[in-house]
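Remarks on the structure that follows.
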Amino acid sequence: MKLVIINYGAGNIKSIQFAFKRLGIDAVLSNNPEEIIAADKIIFPGVGEASTAMTMLKSSGLDKLIPTLKQPVLGICLGMQLLCESTEEGNTKGLGIFKTKVKRFANDVKVPQMGWNVIKDLKSDLFSGIKESEYMYLVHSYYAEHCDETIAKTDYGINYASALQHNNFYGVQFHPEKSSLAGAKILENFLKLEVKN
Amino acid sequence: MLTKRIIPCLDIKNGRTVKGVNFIDLRDAGDPVELAKQYADIGADELVFLDISATLEGRATTLDMVLHVAEQVNIPFTVGGGISSIEDVDALLKCGADKVSINSSAVKRPELINELSNKFGSQCIVVAIDAKEIDGQWKVHLAGGSIPTKIDLFEWAKEVEMRGAGEILFTSMNHDGTKNGFANKALARLSEALNIPIIASGGAGNVQHFIDTFKEGKSDAALAASVFHFGEIPIPDLKKELKANNIEVRL
């Protein structure tokens, strides 16, 4: 199993690496296209501001590479949002894998949403063995609107897509690497996924 | 629904937990990593480490500790104490801290909040505020509450939000250490005036205090130290009680 965490300078990726280490997998941090293409599984992380992250992706050409990947790819948090068509954060165009848009939470709730919330209507092998309404740790100010690719739903002021899937691309808004044993189970499930194209 | 968070706070000096800790069976009660793991296992939602090291060497040890915590603990944690620059924050986040908490350095130079939230994102910048109510006026205090300022708590909290903080950790110096309950009036006022999460700190003594701070204080999270460290309030029992009082918690 060769697992690569795409390292394009966005956010705290150490936590993701450690979470896989707890599962007995040594993940490689890389921004090298050849190394990424050769991986069995790929994590696309992201913490921070969307337009800055997209600029960093573009400067390394990864914006072109990522949509061409054939192996399972898991976008986490901002990583998931950047796989959508667009985000209101910094008026940023995304990579367009998931056919949905990312919007800012309205001010009728506290922004950012910070803490543990439940995921429901789970529809993917990614959630195998995860019970409905399991708690996940989330920190975000922007959310993905529902679309046909929604595989998990969460309520925070509105009901939004807390996970998405399109072919081999998966995205989760929550942080499985920080979501206790249930989060670890999701990462384990991701490692077991087969390519679906 | 988003749940209310329970956050144990650990004081760290030279990479070791300082105050006596007397709960469950710890081989080494001074080992922050072992303690953090125990807390994660029994259902703490987050952890805060407050570095009270006075020396550079002590701080370097803390970075090492942060790395070990990140390696072994599967819930989020914040590190605070003596953070005053982009470099400090960068080093902590690179070691795997999820959030950092700044306090006196933000009061001395408020632009620091903008710089940090622009560089690292609001989500990882917690601003801790220590304040004391004197003659009906809440004034911000520095250096662990020992130095008074003329700054009004509510004005400062608003400014902190405008400058990009992702969260506020409010400690009432009137309540801290008393075990008489949290500063719920001030907390509710903060929560209503601001649109970022507020963590209540100072005054936890029994389960009812937690119920009150979530209901009356409108707090998003509650932080405590000794009642958890000495097993006076076991976290699983606390959460069951909160749930029984219709407060959403992660069980």
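Going down the list, the protein sequences come from chains A and B.
One point on numbering: in this note's numbering, the residue at position 164 of the first sequence is 164, and numbering is uninterrupted.
One point on numbering: in this note's numbering, the residue at position 115 of the second sequence is 312, and numbering is uninterrupted.
Glycine included, each C-beta is placed from N, C-alpha and C at the ideal position.
- For residue 203(B), the closest alpha carbon among the candidates 369(B), 307(B), 236(B) is that of 236(B).
- Looking at the backbone, the Cα of residue 276(B) and that of residue 292(B) are separated by about 11 Å.
- Residue 137(A): member of the beta strand (DSSP E) spanning 134-140, first to last residue.
- DSSP, read as helix, strand or coil, puts residue 256(B) in helix.
- For a cut-off of 8 Å, the C-beta gap from residue 231(B) to residue 21(A) is around 18 Å, too long to register as a contact.
- Residue range 78-82 is occupied by the alpha helix (DSSP H) that includes residue 80(A).
- Residue-level contact check: residue 172(A) does not touch chain B, since none of the beta carbons of chain B fall below 8 Å from its beta carbon.
- Closer than 8 Å to the CB of residue 330(B) there is not a single CB belonging to chain A.
- CA-to-CA, the gap between residue 411(B) and residue 1(A) works out to about 46 Å.
- Residues of the same chain with a CB within less than 6 Å of the CB of residue 170(A), apart from the 5 flanking positions on each side, are 74, 126 in chain order.
- Under the three-pair Cβ rule at 8 Å, the stretch 105-122 of chain A counts as touching the stretch 130-145 of chain A.
- With a threshold of 16 other beta carbon atoms within 10 Å, residue 289(B) meets it and is buried.
- Take residue 67(A), set aside five residues on each side of it, and the residues of its chain with a beta-carbon closer than 8 Å to its own are 95, 96, 97, in chain order.
- The Cβ-Cβ distance between residue 286(B) and residue 317(B) falls below 8 Å.
- The contact set of residue 156(A) on chain B, defined by CB atoms closer than 9 Å, consists of 198, 199 in chain order.
- For residue 18(A), the chain B residues whose C-beta falls within less than 7 Å of its own C-beta are 267, 268, 293, listed in chain order.
- Per DSSP, reduced to three states, the secondary structure at residue 416(B) is coil, with no helix or strand assignment.
- What residue 49(A) touches in chain B, judged by beta-carbon distance under 7 Å, is 318, going in chain order.
- In the DSSP assignment, residue 159(A) falls within the beta strand (DSSP E) that extends over 158-166.
- Under the 8 Å criterion on CB atoms, residue 153(A) is classed as non-interfacial with respect to chain B.
- For residue 271(B), the nearest beta carbon of chain A is closer than 8 Å to its own beta carbon.
- If you draw a straight line from the Cα of residue 428(B) to the Cα of residue 373(B), it is about 18 Å long.
- Among the residues of chain A, those whose CB is under 9 Å from the CB of residue 202(B) are 114, 115, 116, following chain order.
- Of all residues in the stretch 226-242 of chain B, the ones placed with a Cβ closer than 8 Å to any Cβ belonging to chain A are 237, 242, in chain order.
- When Cβ-Cβ separations below 8 Å define contact, residue 15(A) makes contact with chain B.
- Secondary structure of residue 89(A) (DSSP, three-state): helix.
- Classified as buried, residue 149(A) has 16 or more neighbouring CB atoms from the shown chains inside 10 Å of its CB.
- Burial state of residue 177(A) is buried, judged by a 10 Å Cβ sphere holding 16 or more other Cβ atoms.
- Between residue 162(A) and chain B, the shortest Cβ-Cβ separation is not below 8 Å.
- For residue 338(B), the uninterrupted beta strand (DSSP E) run begins and ends at 334-339, by DSSP.
- The stretch 68-88 of chain A makes contact with the stretch 35-44 of chain A, as at least three CB pairs between them are under 8 Å.
- In this structure, residue 442(B) lies away from residue 402(B), with their beta-carbon atoms at least 8 Å apart.
- Around the beta-carbon of residue 243(B), 16 or more other beta-carbon atoms lie within 10 Å, marking it buried.
- Counting C-beta pairs closer than 8 Å gives fewer than three between the stretch 422-438 of chain B and the stretch 381-394 of chain B, which falls short of the contact rule.
- Here the alpha carbon of residue 189(A) sits roughly 21 Å from the alpha carbon of residue 78(A).
- The three-state secondary structure of residue 304(B), taken from DSSP, is helix.
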